[in-house]
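Numbering (my numbering), first residue to last: 405 to 736.
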C-alpha cells in the first residue's frame with residue numbers, strides 16, 4: 405500500500421490538483437482552469453507572498469496578459485470559496501506585491517492498492533470502459549474548443565445589442581461586475597433612484613440592493629465582486645453594500661464618484677456630490693478635491709489640494725498596481 409499527498413483541505417473545501425476538482429462539503433465548485441492553477445500554486449507556496457509577476461509567469465506560461473486578468477481570477481476564486489477581500493480567510497492581498505494563501509490547511513493522503521492476483525481481463529474491461537466514457541468528453545472538449553476559436557476570430561458582423569432594462573423610469577450609471585456576469589445600475593423606476601443588479605445571462609433574477617429612497621447613484625463594484633460602493637444624494641456621502649443586498653455601511657458623509665483600489669482596501673472619491681445626471685458630471689466648483697477612505701471604514705483623508713493643479717478635481721482612477729489614484733482636473 406502506498407500513500408501519496410493528493411488533496412488539500414481547508415474548512416469544508418477540498419482541492420484535488422490531480423483531478424482539477426474542488427468541492428465544498430461534497431458539492432463540486434465551478435472553478436475555471438486558470439483560477440484553479442492560481443489557487444493550487446498559492447497553496448503550494450503558502451509559506452510566502454507570491455508576486456503578481458510570478459503568478460502570471462507560472463500560470464499563463466509566457467502568454468501576454470495584464471494584471472486585470474489576475475485580478476479577475478482572484479475575484480472568481482473568492483466568490484467560489486466565499487472569501488472576503490476585506491476580511492480574508494483564505495486569499496490575502498498584499499498591496500502592490502501579490503497574494504498569499506492564509507487558510508488553515510490539512511493534507512489528505514490517497515492510498516493506492518495493487519493486488520497481484522487481480523484478473524487481467526477485468527483490468528482490460530475497465531480500460532475499455534474508461535476509453536468509451538472518455539470519447540464523448542473528448543468530443544465535447546473539441547466542440548467547445550472549436551466554438552471558442554470561432555468566437556475569438558475577428559468578425560465583420562456588427563455586435564449584437566442586448567437590452568437589459570425596460571423600466572418606465574430613468575436608468576443610469578451601468579457598470580459590469582469584475583467577472584462580467586452582472587450589471588449594476590441606478591434607476592428611479594420607483595420614484596427615487598435605487599441601485600439594482602441585473603444578470604447578464606437571460607432568465608436571471610434582478611436584485612434591488614437599496615430601498616431607502618435616498619437617491620442612490622454611481623454604483624461601483626469592488627474588485628472581488630462582493631460589494632458595491634455608491635453615492636447617496638439625500639444622506640450625502642459614499643456607502644458600501646453587499647452585492648447581493650444587505651445593510652449599507654456609510655463610509656463618508658460627503659463626496660461622489662467612488663472608485664475602488666485594485667486590492668479593494670481603499671476607495672477614492674470626489675469631495676463634492678453629484679451635480680448633474682449627465683454622462684460626464686463635471687463639478688462646477690474649482691475647490692473640489694480627491695479624497696481617500698478605507699473600504700472598511702474610518703476617517704477620510706485628502707489626496708489633492710484645492711486648485712493644485714488648477715481646476716476642479718474629479719473622475720479618480722487607480723493605477724493597476726495599486727500605486728495610487730489619478731484624477732482629471734477640469735478647466736478652472
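No residue lacks a Cβ here, since even glycine has one placed at the ideal position from N, Cα and C.
DSSP beta-bridge partners of residue 624: 633
Three-way DSSP call (helix, strand, coil) for residue 459 in this model: helix
Start-to-end residues for the beta strand (DSSP E) that takes in residue 648: Element bounds for residue 648: n/a, residue is neither H nor E.
Within 9 Å, strictly: CB atoms of residue 490 and residue 665: no
Cα-Cα separation between residue 615 and residue 678, rounded to whole angstroms: 19 Å
Extent of the continuous alpha helix (DSSP H) run through residue 496: Element bounds for residue 496: not the alpha helix (DSSP H) but the beta strand (DSSP E), 495-498.
Three CB pairs or more closer than 8 Å across the segment 476-485 and the segment 427-446: yes
Contact check, residue 662 vs residue 635, beta carbons under 9 Å: yes
Residues of its chain near residue 572, where Cβ-Cβ distance is below 7 Å and the 5 sequence neighbours each way are ignored: 593
Local Cβ density within 10 Å of residue 667, reported as buried at 16 or more and exposed below that: buried
Segment limits, beta strand (DSSP E) that includes residue 575: 575-580
Integer-rounded CB distance, given that residue 427 should sit under 8 Å from residue 502: About 27 Å; that fails the 8 Å criterion.
DSSP state of residue 671 mapped onto helix, strand, coil: strand
8 Å Cβ shell around residue 387 - same chain, five flanking residues per side excluded: Nothing can be reported for residue 387: it is not among the residues displayed for the chain, which extend from 405 to 736.
Buried versus exposed, by CB contacts within 10 Å (16 or more), residue 470: exposed
7 Å Cβ shell around residue 527 - same chain, five flanking residues per side excluded: For residue 527, the pLDDT reaches just 39, beneath the cut-off of 50, and the residue's location in the model is therefore unreliable, although a value from the coordinates is still provided. Answer for residue 527: no residue qualifies.
Cβ-Cβ distance between residue 625 and residue 581 below 9 Å: yes
Cβ distance (whole Å) where residue 706 is taken to contact residue 722 below 8 Å: Actually they do not touch by this definition, with Cβ atoms about 17 Å apart.
Close Cβ partners of residue 602 (< 6 Å) along its chain, the five nearest in sequence each way excluded: 568, 587 and 610
Sheet register partners of residue 712 (DSSP bridge): 709
Coarse secondary structure for residue 475, derived from DSSP in three states: helix
Closest residue to residue 509 among 417, 660, 584 and 496 (Cα-Cα distance): 417
Residue(s) in a DSSP beta bridge with residue 428: 417 and 431
Helix, strand or coil at residue 465 according to DSSP, with G and I counted as helix: coil
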